[in-house]
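Heads up, the sequence shown is in numbering that gives the first Met the number 0, so the first residue is 0 and it goes up one at a time.
All C-beta atoms, glycine included, are put in the ideal place defined by N, C-alpha and C.
Since the model is a prediction, treat every value here as computed from it, not as a measurement.
To start, the structure itself, in structure tokens.
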Amino acid sequence: MSIKLRTSLWFTLMVLLLSVMILVFVLVINGASITGDPTERLVKVVTGNVDDVEFDNGKFDWDDLDLYKNGVSCIIYNQSGQFLKGAKLAGIDLSPFPLSDGLVRRTVFHGHNYLMYDVYVDMDISGIWIRGLVKETWDSGLMDTIIILTCILLPCILVLAFGGGWLISWGAFRPMNKILAAADSISGGGDLSQRINLKRGPKEMRRLGRSFDAMFARLEKSFEAERQFTSDASHELRTPVTVILAQCDRAIRKDKTPEDFINSINIIQEQARGISELVQSLLGITRLQHGTDRYELKKGNLSQFCLVCAAEFMPENRRGIELKYDIEDNLETNFNPALMQRLIINLLQNGYKYGKEGGYIILSLKKEGRKLRLSVKDNGIGIAPENMDKIWQRFWQADPARNESGSSGLGLSMVKEIVEFHGGTIEVESEPDKGSEFIIRL
Ligand code: ADP
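Laid out in structure tokens, this is it:
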């Protein structure tokens, strides 16, 4: 049974139960008061009214009297028998019946037997008459009306309850179909770019839709990251793996000297190191680009941090290049230490790699308006104007042949990703044979 049917049936059953309870209650209470002994009811209602009459400042107050109760109608007359107030008894002429205190009398109106009871309320100066009238036989008319009304109204109410319940649950679950359709199409066709985009519908469903959309977005990023990583890795690993296999083939040939073996192993080791570094950089870059890893930003002293990073990073082959500093003291900003260290080291590494023998690198950090300007400048080989845009691409190298192992053309892509992660910008100013300056604004 669907949830829609279940809730609608439950509502309907509850309404039915409630209606039956109310009906029984009304019938029992009303039936008891209407079907009880008429003389007793007549005397009780009239006496009750007599007790309720008040006489204040020469005036009667009969606002609290019950002019119709338990089938008894009451009429008030003044001392001399003139009508003052009372229940309308259409077509019944009461004038032939003189008022008579404390007597229950039987009379006939329009072929129905009535009981009549008069009481005189004496207030010394003045007085009033209260007359009560009740049908001697039980009047089933009211009960019949209640039962007939119930028979007509109850089915209508039940249909309304069922229909309303059905409509509400149908409306509430309609967006669910959209969510299910999107989930089905994603799991079936694998199109992760689909979104549910639920704009209308109950609040809970809209929230569910948003959560699904966020999940799909994250899934899409992860899959995209995986796809890119796999394609890049398989492309870039082909060469070193071929070299390793070739060296292995050479090494296992019978006529090899120990020197040949060592040579082959050295080459294999170098290639394996290159592979390891490539995989590390590629993973880091992919995760950063697709936001699949979470990196925390913390406020810290970037001036201090730059000095420490540069001091810790001293490549073996410095080619006589001198590292100079131009760092303003105690400049603070939000940054992720691990990523920032990678950024600085990558730029310094390039400075040493592409710098002039015996030249210099200047690492500078300054305040520029509300931003911080971090730059790494060298007086090296520079970059040709037509290559200025290409340097940020993955695996791009101006001259792959001149690069040592571990140089994979990923450094600047990584730097760019890190800068963008920090909400900053990066640009390069360079002239061939004069040098380059990489400028980051945070
Ligand atoms: P890698 O240094 O591993 O080749 P990068 O992404 O760091 O990869 O750099 C890409 C290319 O940009 C380099 O191969 C080089 O041609 C050029 N390049 C980067 N930094 C400099 C620099 N400071 N001076 C001149 N050329 C540079």
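Rank the options by C-alpha distance to the C-alpha of residue i and give the top, closest one.
{"i": "Gly-358", "options": "Lys-433, Ala-160, Gly-422 and Gly-423", "result": "Lys-433"}
{"i": "Asp-231", "options": "Gly-283, Asp-65, Ser-363 and Asn-349", "result": "Gly-283"}
{"i": "Leu-12", "options": "Ala-160, Leu-22, Phe-24 and Met-387", "result": "Ala-160"}
{"i": "Gly-381", "options": "Ser-374, Arg-237, Ile-361 and Gly-350", "result": "Gly-350"}
{"i": "Tyr-136", "options": "Leu-152, Ile-147, Ile-124 and Gly-110", "result": "The question names Tyr, yet the displayed sequence has Thr at residue 136. When only C-alpha atoms are compared, the closest one is Gly-110."}
{"i": "Met-175", "options": "Leu-17, Arg-206, Tyr-294 and Ile-146", "result": "Arg-206"}
{"i": "Gln-452", "options": "Gly-47, Ala-245 and Leu-287", "result": "Residue numbering for the chain in the displayed model covers 0 to 441; residue 452 lies beyond these limits and cannot be assessed."}
{"i": "Lys-366", "options": "Asn-300, Asn-196 and Gly-163", "result": "Asn-300"}
{"i": "Asp-212", "options": "Val-427, Asp-51, Leu-152 and Ile-178", "result": "Ile-178"}
{"i": "Pro-37", "options": "Val-103, Glu-321 and Ala-180", "result": "Val-103"}
{"i": "Lys-376", "options": "Val-23, Ile-439 and Asp-143", "result": "Ile-439"}
{"i": "Asn-265", "options": "Val-242, Phe-24, Asp-254 and Asn-69", "result": "Val-242"}
{"i": "Asn-316", "options": "Lys-58, Tyr-353 and Ala-182", "result": "Tyr-353"}
{"i": "Arg-329", "options": "Ser-1, Phe-312, Val-23 and Lys-298", "result": "Note that residue 329 corresponds to Asn in the displayed sequence, not to Arg. Of the listed residues, the one whose Cα sits closest to Asn-329 is Lys-298."}
{"i": "Leu-153", "options": "Gln-81, Arg-372 and Leu-16", "result": "Leu-16"}
{"i": "Thr-149", "options": "Phe-82, Gly-189 and Val-23", "result": "Val-23"}
{"i": "Arg-372", "options": "Ser-302, Arg-272, Glu-203 and Ser-125", "result": "Ser-302"}
{"i": "Phe-394", "options": "Lys-84, Leu-26 and Leu-236", "result": "Leu-236"}
{"i": "Thr-106", "options": "Thr-256, Met-115, Ser-184 and Asp-100", "result": "Met-115"}
{"i": "Gly-455", "options": "Ser-79, Met-204, Phe-215 and Gly-80", "result": "This structure cannot speak to residue 455, because the chain is shown only from 0 to 441."}
{"i": "Asp-117", "options": "Ser-192, Met-204, Gly-47 and Leu-197", "result": "Gly-47"}
{"i": "Ser-79", "options": "Cys-305, Lys-355 and Ser-99", "result": "Ser-99"}
On the DSSP bridge assignment, give the partners of residue i in chain order.
{"i": "Trp-128", "result": "Tyr-76 and Tyr-119"}
{"i": "Gly-57", "result": "For Gly-57, which the question treats as bridged, DSSP gives no partner whatsoever."}
{"i": "Val-375", "result": "Leu-362 and Phe-437"}
{"i": "Ser-429", "result": "Ser-435"}
{"i": "Leu-322", "result": "Ile-360"}
{"i": "Lys-134", "result": "Tyr-113"}
{"i": "Arg-104", "result": "Met-115"}
{"i": "Phe-334", "result": "Lys-297"}
{"i": "Glu-367", "result": "Lys-370"}
{"i": "Thr-424", "result": "Arg-440"}
{"i": "Lys-442", "result": "Coverage of the chain is limited to positions 0 through 441, which leaves residue 442 absent and any answer about it impossible."}
{"i": "Tyr-67", "result": "Ser-72"}
With a threshold of 16 other CB atoms inside 10 Å of the CB of residue i, please say whether the residue is buried or exposed.
{"i": "Phe-334", "result": "buried"}
{"i": "Ser-275", "result": "exposed"}
{"i": "His-234", "result": "exposed"}
{"i": "Asn-378", "result": "buried"}
{"i": "Ala-224", "result": "buried"}
{"i": "Glu-443", "result": "Residue 443 cannot be examined here, being either before or after the span of the chain that is shown, 0 to 441."}
{"i": "Phe-96", "result": "exposed"}
{"i": "Arg-40", "result": "buried"}
{"i": "Ala-446", "result": "No answer is possible for residue 446: the residues shown for the chain start at 0 and end at 441."}
{"i": "Ile-146", "result": "exposed"}
{"i": "Gln-268", "result": "exposed"}
{"i": "Gln-288", "result": "buried"}
{"i": "Thr-285", "result": "buried"}
{"i": "Met-20", "result": "exposed"}
{"i": "Phe-222", "result": "exposed"}
{"i": "Gly-410", "result": "buried"}
{"i": "Leu-441", "result": "buried"}
{"i": "Asp-63", "result": "exposed"}
{"i": "Cys-247", "result": "exposed"}
{"i": "Val-82", "result": "First, the residue type needs correcting, since residue 82 is Phe and not Val in the sequence shown. Result: exposed."}
{"i": "Asn-56", "result": "exposed"}
Does the distance from the CB of residue i to the CB of residue j come in under 8 Å?
{"i": "Leu-277", "j": "Ser-407", "result": "yes"}
{"i": "Ile-343", "j": "Ala-309", "result": "yes"}
{"i": "Asp-325", "j": "Ser-363", "result": "yes"}
{"i": "Val-52", "j": "Ile-127", "result": "yes"}
{"i": "Tyr-113", "j": "Ala-86", "result": "no"}
{"i": "Val-120", "j": "Val-49", "result": "yes"}
{"i": "Phe-437", "j": "Leu-346", "result": "yes"}
{"i": "Gln-348", "j": "Pro-314", "result": "yes"}
{"i": "Lys-220", "j": "Gly-319", "result": "no"}
{"i": "Val-427", "j": "Met-387", "result": "yes"}
{"i": "Gly-208", "j": "Ile-195", "result": "yes"}
{"i": "Leu-338", "j": "Tyr-294", "result": "yes"}
{"i": "Phe-263", "j": "Arg-252", "result": "Reading off the sequence shown, one finds Ser at residue 263, where the question assumed Phe. Cβ atoms of Ser-263 and Arg-252: not closer than 8 Å."}
{"i": "Phe-172", "j": "Lys-370", "result": "no"}
{"i": "Leu-191", "j": "Leu-218", "result": "yes"}
{"i": "Trp-61", "j": "Lys-84", "result": "yes"}
(message) Assess contact between the stretch 120-137 and the stretch 62-76, defined as three or more Cβ pairs (one per stretch) separated by less than 8 Å. Is contact present?
(response) yes
(message) With three or more beta-carbon pairs closer than 8 Å as the criterion, would you say the stretch 419-429 touches the stretch 325-341?
(response) yes
(message) Within 8 Å, do at least three Cβ pairs link the stretch 2-17 to the stretch 158-172?
(response) yes
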